[in-house]
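Chains as they are written, first to last, in this note's numbering: chain L, 19 to 155; chain E, 19 to 155. Glycine is no exception: its CB is placed at the ideal position from the N, C-alpha and C atoms. Nothing here was measured: the structure is a model prediction, and the numbers come from that model.
Number of protein chains: 2
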Amino acid sequence: MEIRKLLTNFVVRKKKTETMAYEKKIPVDLDCPLRLTMSLIESKWKSCIIDELRDGCPRRPSEIHKCLPEAAPRVLDMQLKEMVEDGLVEKTIYPELPPRSEYKITELGLSLVPIIDQMLKWGEDHFDIFERKYGKK
Amino acid sequence: MEIRKLLTNFVVRKKKTETMAYEKKIPVDLDCPLRLTMSLIESKWKSCIIDELRDGCPRRPSEIHKCLPEAAPRVLDMQLKEMVEDGLVEKTIYPELPPRSEYKITELGLSLVPIIDQMLKWGEDHFDIFERKYGKK
DNA sequence: CCATATACTGAAATTTTTTTCGGTATATGA
DNA sequence: TCATATACCGAAAAAAATTTCAGTATATGG
Chain L
19 MEIRKLLTNF VVRKKKTETM AYEKKIPVDL DCPLRLTMSL IESKWKSCII DELRDGCPRR
79 PSEIHKCLPE AAPRVLDMQL KEMVEDGLVE KTIYPELPPR SEYKITELGL SLVPIIDQML
139 KWGEDHFDIF ERKYGKK
Chain E
19 MEIRKLLTNF VVRKKKTETM AYEKKIPVDL DCPLRLTMSL IESKWKSCII DELRDGCPRR
79 PSEIHKCLPE AAPRVLDMQL KEMVEDGLVE KTIYPELPPR SEYKITELGL SLVPIIDQML
139 KWGEDHFDIF ERKYGKK
């Protein structure tokens, strides 16, 4: 019974992790418009990626990595992949060697920029409060 | 060496988990205004809590729980606690029995409402895309 | 031939977040 | 006396997200 439970958990976990690498189980939250929007951008780096690509210029993965050096490249890859699936970003693969690909923000992705902007502005306007509260390392 | 490493990890993990219940280790991300704003609202239910309290009326925890039945009560408690720490919400405890307390959005919390609104609107405007893409259970 | 740069991947480790469970306290009304 | 309602808490389990590691492929330049 105990072993069976452990085994089941292991299998489930394994499967989740596997699918996670390819596709989210529940990619977006359709229950509530607010959670829908949040679920598209709340991963650690997605809002930053949108901010990076907002000018409409295509970027190569290595450029994006350079701009967000704190993020593990693997995560950026995965989050970009999800954003492509969600239609926020489009990807072009050039059949060259060494390989080259580019990510470019879509119309849909651009429509999120005003939200990103407001969050940027809010962060700037209230930075001092939180620096006083949590700052100085 | 191996044991030492495991032990260290254990201690760190334990400590992290313990503090987590009381306070976040790095409560907000001060490195970037965008991540700062995100870090205040990106937890699963925080944006919904703000939306719940936006009218300025104080709410008792049990009312908030009722409005967000999908969230585990424990999480709402913890997220409310963090929001109080961050200054987005204020809490009043009435010295009565059975216990009574109320949460009310602050000025700072209210200043996030326009962002919440924009996300709500975006979610409504683009719901159909994602329902077509990911919907129908 | 060999190191390099590039984009990408699977697997596993680690960290963080969320959930579940079992408990605290005490006035009130049956 | 006893169940009820209320707000809350600690510990641990479970789930999810992130990071790290060790690889794949192949044209190009030394």
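Helix, strand or coil: how does DSSP classify residue i here?
i	result
V107 of chain E	strand
E114 of chain L	coil
E9 of chain E	There is simply no residue 9 of chain E to check, as chain E begins at 19 and stops at 155 in what is shown.
K33 of chain E	No answer about K33 of chain E holds up, because its pLDDT of 32 lies below 50 and its placement is not dependable.
S61 of chain L	coil
R77 of chain E	strand
E142 of chain E	helix
E120 of chain E	strand
P132 of chain E	helix
V46 of chain L	coil
A39 of chain E	Note that A39 of chain E has pLDDT 37, beneath the 50 cutoff, so the model's placement of it is unreliable and the number below is only indicative. Helix, per DSSP.
L86 of chain E	coil
R156 of chain E	What the structure shows of chain E is the stretch from 19 to 155, and residue 156 of chain E is not part of that stretch, so it cannot be assessed.
R72 of chain E	coil
L25 of chain E	Below a pLDDT of 50, predicted positions are generally treated as unreliable, and L25 of chain E, at 26, falls in that range; the measurement from the model is reported next regardless. In this structure, L25 of chain E counts as helix in the three-state DSSP scheme.
Would you kindly work out how many angstroms separate the C-alpha atoms of residue i and residue j, rounded to a whole number?
i	j	result
I192 of chain E	I67 of chain L	Any question about residue 192 of chain E goes unanswered here, given that chain E covers just 19 to 155.
P79 of chain L	I134 of chain L	21 Å
K109 of chain L	P76 of chain E	47 Å
G105 of chain E	L52 of chain L	22 Å
D143 of chain E	P132 of chain E	16 Å
F145 of chain L	T124 of chain L	30 Å
W63 of chain E	G127 of chain E	14 Å
V102 of chain L	A89 of chain E	29 Å
Y152 of chain L	K84 of chain E	32 Å
P116 of chain L	S61 of chain L	30 Å
P87 of chain E	D95 of chain E	13 Å
E100 of chain L	R118 of chain E	44 Å
P91 of chain L	E149 of chain L	29 Å
V49 of chain L	E114 of chain L	It is Asp, not Val, that sits at residue 49 of chain L in the sequence shown. Approximately 43 Å between the Cα atoms of the pair.
S65 of chain L	V93 of chain L	13 Å
Q10 of chain L	Q136 of chain E	The question about residue 10 of chain L has no answer, for chain L in this structure spans 19 to 155.
Using a threshold of 8 Å, state whether the C-beta atoms of residue i and residue j are closer than that.
i	j	result
L98 of chain E	Y121 of chain E	yes
D47 of chain L	S57 of chain L	yes
G141 of chain E	L54 of chain L	yes
L130 of chain E	I59 of chain E	yes
V107 of chain L	L138 of chain L	no
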